[in-house]
Amino acid sequence: MSVSVQPSPAASSETRTRQRSSSSSAPRIPRWLWQGKICPAFWTLGAALSFLLNIILIVTLLLVARELFAVKALVRNQVLGGLATNFQKMDEAVIRTEVVVNDTIPVKFDLPVRFDLPVHTVTTVELTEDTLIHDARVDLRTGGLVITDAPADIVLPAGTELPIRLSIVVPVDTIVPVDTRIPVTLKVPVSIPLAETELHEPFVGLQKVVEPYLNLLDQAPDSWEEALCGEDGQGLWCFLAPWLSGGR
């Protein structure tokens with residue numbers, strides 16, 4: 412036995428009214444969203460942005476590339492080349508100057524002295540002993556006796572002072588000791604080649620540090636024509652060389 416319950420018309424109307432109010436209060440979803448179009452739109456936008464960024468990056472790289480060989484020449488000739496040249500010149504340099512020496516030099520030696528000394532003078536000498544003089548001319552007056560200019564032998568006693576004029580040559584032969592200090596001021600010229608000093612090794616080492624980079628830059632092309640066209644001038648990208656060179 413089955414029993415079926417039929418809703419009343421009033422209850423059915425109330426239910427439909429509630430469904431309409433709930434559906435009107437819920438947010439509306441765009442039709443393209445629930446139709447499966449969000450992923451294609453996202454990938455389309457991402458691809459457009461990526462394409463735009465790639466174009467900007469390529470243009471920027473091309474603009475920078477136009478100055479690449481100018482930078483290479485600057486680094487090769489002025490930076491690395493200048494360092495290598497100056498390191499070589501420093502190794503070949505010579506220090507030339509004058510050193511001023513202020514000092515006292517001790518001097519000690521025996522100086523031999525040999526010469527003849529002439530002596531001319533008036534002096535007084537004293538007899539050291541009784542001296543006999545033969546045939547002297549004497550004048551004698553004593554008492555009533557007068558003798559004039561008579562020859563005689565006389566004796567001068569020791570201690571008698573005689574005024575004389577001395578004219579002789581005295582030979583001198585002796586040794587004079589010399590012990591003194593002599594002040595000296597000298598300007599001594601100095602010439603020092605740096606290649607013969609301990610600085611030679613670090614200068615050579617600095618040249619060897621720079622040399623590999625110079626060799627690497629020497630092997631690189633010097634222009635866009637050389638880089639893109641090759642030695643035969645028939646490279647695939649040779650048409651870009653005039654634009655990258657900027658008319659230079």
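Per the numbering used here, the sequence shown starts with residue 412, numbered consecutively. Built from N, CA and C at the ideal position, the CB exists for glycine as well. Treat the numbers as computed from the prediction; the structure is a model and nothing was measured.
Residue span of the alpha helix (DSSP H) that contains Pro623, given as start and end:
Looking at the DSSP string, the run of the alpha helix (DSSP H) that includes Pro623 is 611-630.
Using the rule of at least 16 other Cβ atoms within 10 Å of the residue's Cβ for burial, across every protein chain shown, is Phe462 buried or exposed?
Classification for Phe462: exposed.
Tell me the DSSP secondary structure of Leu538 in three-state form.
Of the three classes helix, strand and coil, the one that applies to Leu538 here is coil, per DSSP.
Once you ignore the five residues that flank Leu522 on each side, which residues in its own chain have a CB closer than 6 angstroms to its CB?
The beta carbon of Leu522 sits closer than 6 angstroms to the beta carbons of Val587, Val589 from its chain, once the five residues preceding and following it are set aside; these are given in chain order.
Status (buried if at least 16 other CB within 10 Å, exposed otherwise) for Thr576:
A quick correction: the sequence has Arg, not Thr, at residue 576. Looking at its Cβ environment, which holds fewer than 16 other Cβ atoms inside 10 Å, Arg576 is exposed.
Compute the Euclidean distance between the alpha carbons of Ile467 and Pro604, then round it to the nearest angstrom.
When rounded, the separation of the alpha-carbon atoms in Ile467 and Pro604 is 58 angstroms.
Glu572: first and last residue of the uninterrupted beta strand (DSSP E) it sits in:
Judged by DSSP secondary structure, Glu572 falls within the beta strand (DSSP E) whose first and last residues are 572-604.
From Glu622 to Ala495, what does the alpha carbon distance come to, in whole angstroms?
Per the coordinates, the alpha-carbon of Glu622 lies some 7 angstroms from the alpha-carbon of Ala495.
7 angstroms CB neighbourhood of Pro529 in its chain, flanking five on each side removed
The residues are Val580.
Taking the straight line between their C-alpha atoms, what separation do you get for Ala559 and Val524?
Note that residue 559 corresponds to Thr in the displayed sequence, not to Ala. Looking at the two C-alpha atoms, the distance is approximately 53 angstroms.
Taking just the CA atoms, how far does Gln499 sit from Arg510?
According to the sequence shown, residue 510 is Val rather than Arg. Across the structure, Val510 and Gln499 are spaced so that their CA atoms are roughly 27 angstroms apart.
In whole angstroms, what is the alpha-carbon distance linking Leu551 and His531?
Rounded to whole angstroms, Leu551 to His531 spans 34 angstroms at the Cα level.
Quick check on Glu509: does DSSP put it in helix, strand or coil?
Of the three classes helix, strand and coil, the one that applies to Glu509 here is strand, per DSSP.
Flag this pair as touching only if the region 596-614 and the region 563-571 have three or more C-beta atom pairs under 8 angstroms; answer yes or no.
By the C-beta criterion, the region 596-614 is judged not to be in contact with the region 563-571, since fewer than 3 inter-stretch pairs fall below 8 angstroms.
With 16 other CB atoms within 10 Å as the buried threshold, where does Arg592 fall?
By the neighbour-count rule (16 or more Cβ atoms within 10 Å), Arg592 is not buried but exposed.
Do the CB positions of Ile516 and Val601 come within less than 9 angstroms of each other?
Not in contact: Ile516 and Val601 (Cβ atoms no closer than 9 angstroms).
Determine the DSSP secondary structure at Thr608, reduced to helix, strand or coil.
Here Thr608 sits in coil by DSSP.
Among Ile469, Thr539, Thr508, which residue has its Cα nearest to the Cα of Val599?
From the listed residues Ile469, Thr539, Thr508, the smallest Cα separation to Val599 is found for Thr508.
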